[in-house]
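Working notes, structure below.
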Amino acid sequence: MSKNKLDYLDDLEAEAIYILREVAGQFEKPALLFSGGKDSITLVRLAEKAFRPGKFPFPLVHIDTGHNFPETITYRDDMIKRIGEKLIVGYVQDSIDQGKVVEQKGKNASRNALQTVTLLDTIAEHKFDACIGGARRDEEKARAKERIFSVRDEFGQWDPKRQRPELWNIYNGKIHKGENVRIFPISNWTELDVWNYIRREKIALPSIYFAHEREVITRNGQLMAAAKVLNMDAEDIIERKNVRFRTVGDMTCTAAVESYAFEIDDIINEISESKISERGARLDDKVSEAAMEDRKKGGYF
Amino acid sequence: MDILKFLTAGSVDDGKSTLIGRLLYDSESILLDQLEALQSSNRKNDDGTIDLAILTDGLKAEREQGITIDVAYKYFQTEKRKFIIADTPGHIQYTRNMVTGASNADLAIILIDARKGVIEQTIRHSFLVSLLALQHVVVAVNKMDMVDYDEAVFNNIVKDYQAMAAKLKLNEVTYIPVSALKGDNIVHKSDRITWYTGKSLLDHLETVSVSVDDSTDHARMPVQWIIRPQTDELHDYRGYAGRVLSGSFKVNDRVTVLPSGFNSTISQIELFDQEPEEASAGMSVTLHLKDEIDISRGDILVNAEHHPKLSQLIEADLCWMDTKPMDTSHTYLLQHNSKTTKCRIQDILYKVNINTLEQVATESFALNDIGRIVIKTAEPLAFDLYQDNKANGGAIIIDSRTNLTVGALMFRAVAD
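Just so you know, the protein sequences line up as chains A and B, in that order. Quick note on numbering: the working numbering labels position 60 of the first sequence as 60, and the sequence is numbered without any gaps. Quick note on numbering: the working numbering labels position 289 of the second sequence as 1289, and the sequence is numbered without any gaps.
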């Protein structure tokens, strides 16, 4: 006897749950990297499906750059209260105060590059051997070649030429002391899949994902939230616009799009018709064509 | 809507990247900023049109070398289906990448250059597709524009391929004449190939049927994790978490735990806040049993009437994937779904020359070698033969010194 394969969302969900349970089974000290974005929020939901009514076999880890949208932090704290799991926060400000990194200067200063150091320090401090992240292969060309279990050396680096082959659904999580593995349970999801899943599961999101009126300025042709951390000066003209954010990163590097998508159905329609891919709204990828690959080699998520 | 996973096999020169690029481009799966990057890039075709191959070249190193060096995954979707493409390179030194890509694919597209016909590389790719037991094969005869869309050229290639497919026991093969460069028969049916009455490539990919084994004969669920909340209200809760590999489990089904051999009955199936009556292939669930049995990660739950094989000595096809050759005196690790055990290569039966398909004697396997061996495991494995049930018939070998995945195993028989 035979029948059709599972519906695509059920299929993707089952695969992600399977991967999360492999992490639990194979590692001593895993962690889930939580950014406050929709992808890591989806991961939290998948972890609930994988481990309830038990506790998560890992804490959540958030790298707080100090440049987050306040809405993200509020969401994070409310969520932790609801799910009753442990949260560990690593502060980029601490890395700056300790002199480990130097804050960029000028108008386009961003802490995006600095958070890699804080992340690697947090991993070392807690001796995490596996870090679960919400990256997807459809986001960017360099990520298209990323494994689901991606080994990082003791310096946190990714070597695209030394990736382990991944056969069937068998994931090799064996590592040497000091190494750790980045794990991407939603590798095979697209942006649209994530949104459709959020709609199906009725998952709450930070409010900035939905259209709202906000003070914005235009920088390098992109709309940015008018916030103190952007080092605004007289040349920056503040306007009020109806906008939403397609990704949730730092205020310094996450651009808004003008939008009237107030509900999730509006967003799904907007994405289905959209001609700008998701990372197109992130300035940090625009630096060069090979930007993402260079950052990944250095230990970025 | 379901997902079709397919792999593309062919060399740089066959226009494989162009074919994928064309699929994405003509099905309007490329977004504006990617298109902008494409247009601002300085790689162009000879006639000045944009080079669609750039869409699938991921890494800097290969952009510099101008070749694809690894498996890259691409995603696109039409009204009818979601697609995951595993783009794997075609040169001989990258056999392991193709084996990797094929292990997770439902269908393979084998590219043949219309000017060259069936060549050594075609045999190699088809052998790997047959070894990994893919459900469907599409032979895309590309560069038809270079042979004036000549039907006789196409028919000769089909005839040659059919002879080989019979030898390799490839069942479902579909032949499509295409030009990835010009867009003939990729997404839209070509008006330059009027003699071809079949479907365009995309039309075929959208409609080909992909089914899963739903029989209780193959009901298999490896236990990944035991859920034990150990709270006051859930003091006795004990759930076995895993993904159903094949077949299906229903409440009240009799099951056996292997390798221990204890029997019990399924009392409940959970999927978070739902309690489905049935857990079928592909579902990640939590199973509850009526009896308290000692079960841990690495055990497998199977239908009590239809057991898999249980053995420590197994004949298997092996693809060696490490630059360091196989060492028959070394104790490796074998990972079979959630189970990991020590293992040793007990015997080498033969190696296959993948260009001629001849079996040759050998003392050891080097990178990209494929052949038949006998493996001995420290603990008994509960497995199915790969040809009967892929999901429970494959395993990997890990070198405990480097922790690298060094081999892919497809179980073929119990060796006694």
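Ideal Cβ positions, reconstructed from N, Cα and C, are used throughout, including at glycine.
Chain-order list of chain A residues neighbouring B:R1096: P165, by C-beta distance under 9 angstroms. Pairing B:Y1332 with B:C1343 gives a Cβ-Cβ distance under 7 angstroms.
Among the residues of chain B, those whose CB is under 9 angstroms from the CB of A:E22 are Q1224, W1225 and S1338, following chain order. Between A:V92 and A:I123, the beta carbon gap of about 14 angstroms keeps them out of contact (Cβ cut-off 8 angstroms).
With contacts defined as CB atoms closer than 7 angstroms, B:I1266 and B:L1287 qualify as a contacting pair.
Under a criterion of Cβ atoms nearer than 8 angstroms, the residues of chain A adjacent to B:Q1335 are, in order, I170 and N172. With distances taken between CA atoms, B:S1017 lies nearest to B:V1071 out of B:V1071, B:M1321 and B:G1198. Segment contact: the stretch 47–58 of chain A against the stretch 1224–1233 of chain B, three or more CB-CB distances shorter than 8 angstroms; contact assigned. Within the stretch 188–220 of chain A, N188, W189, T190, L192 and D193 place their CB atoms closer than 9 angstroms to a CB of chain B, listed in sequence order. Rounded to whole angstroms, B:W1195 and A:K5 show a C-alpha spacing of 35 angstroms. Taking one beta carbon from each stretch, the stretch 1273–1283 of chain B and the stretch 1362–1378 of chain B have fewer than 3 pairs nearer than 8 angstroms; the two do not touch. Flagged as an interface residue toward chain A: B:N1403, by a C-beta distance shorter than 7 angstroms. Around the C-beta of B:M1098, 16 or more other C-beta atoms lie within 10 Å, and the residue is accordingly described as buried.
Within the same chain, Cβ atoms closer than 7 angstroms to the Cβ of B:Q1335 are found at A1395, I1396 and I1398, the five residues on either side in sequence being excluded. Of all residues in the stretch 236–262 of chain A, none has a C-beta nearer than 7 angstroms to a C-beta of chain B. With a cutoff of 7 angstroms on beta-carbon distance, A:L46 and A:I17 are scored as near each other. By alpha-carbon distance to B:L1168, the top candidate from B:I1123, B:F1083 and B:R1412 is B:I1123. DSSP places B:A1413 inside the beta strand (DSSP E), whose first and last residues are T1405 to V1414. Chain-ordered, the chain A residues with CB closer than 7 angstroms to the CB of B:T1100 read P165, E166 and L167. Within chain A, no C-beta atom comes nearer than 7 angstroms to that of B:V1257; the closest sits roughly 17 angstroms away. In the displayed model, A:F51 falls within a helix according to three-state DSSP. Only exposed fits B:V1360, as fewer than 16 other CB atoms lie within 10 angstroms of its CB.
With its beta carbon less than 7 angstroms from one in chain A, B:L1234 belongs to the interface. Residues of chain A whose Cβ lies closer than 7 angstroms to the Cβ of B:I1396 are, in chain order, L167, I170 and N172.
In the DSSP annotation of this structure, the continuous segment of the beta strand (DSSP E) that includes B:M1221 starts and ends at R1220 to P1222. Separation of B:F1383 and B:V1212 (C-alpha to C-alpha, rounded to the nearest whole angstrom) is 18 angstroms. Proximity to B:A1009 across B:Y1094, B:R1081, B:E1305 and B:P1259 peaks at B:Y1094, based on C-alpha coordinates. Rounded to whole angstroms, the separation of the alpha carbons of B:A1114 and B:V1153 is 7 angstroms. A contact is defined here as three or more CB-CB pairs under 8 angstroms, and the stretch 1215–1222 of chain B meets this definition with respect to the stretch 1238–1256 of chain B. For B:F1154, the three-state secondary structure derived from DSSP is helix.
Across the structure, B:E1292 and B:Y1237 are spaced so that their CA atoms are roughly 11 angstroms apart.
For B:K1016, the enclosing alpha helix (DSSP H) has its first and last residue at K1016 to D1026. Close CB contacts of B:T1078 within its chain, under the 8 angstroms cut and outside five residues either way in sequence, are with S1027, L1202 and E1206 (chain order). With respect to the 7 angstroms criterion, A:I208 and A:F69 are classified as neighbours on the basis of their beta carbons. The C-beta of B:T1088 has 16 or more other C-beta atoms within 10 Å across all chains shown, which makes the residue buried.
In this structure, the beta-carbon distance from B:D1106 to B:V1251 does not fall below 7 angstroms.
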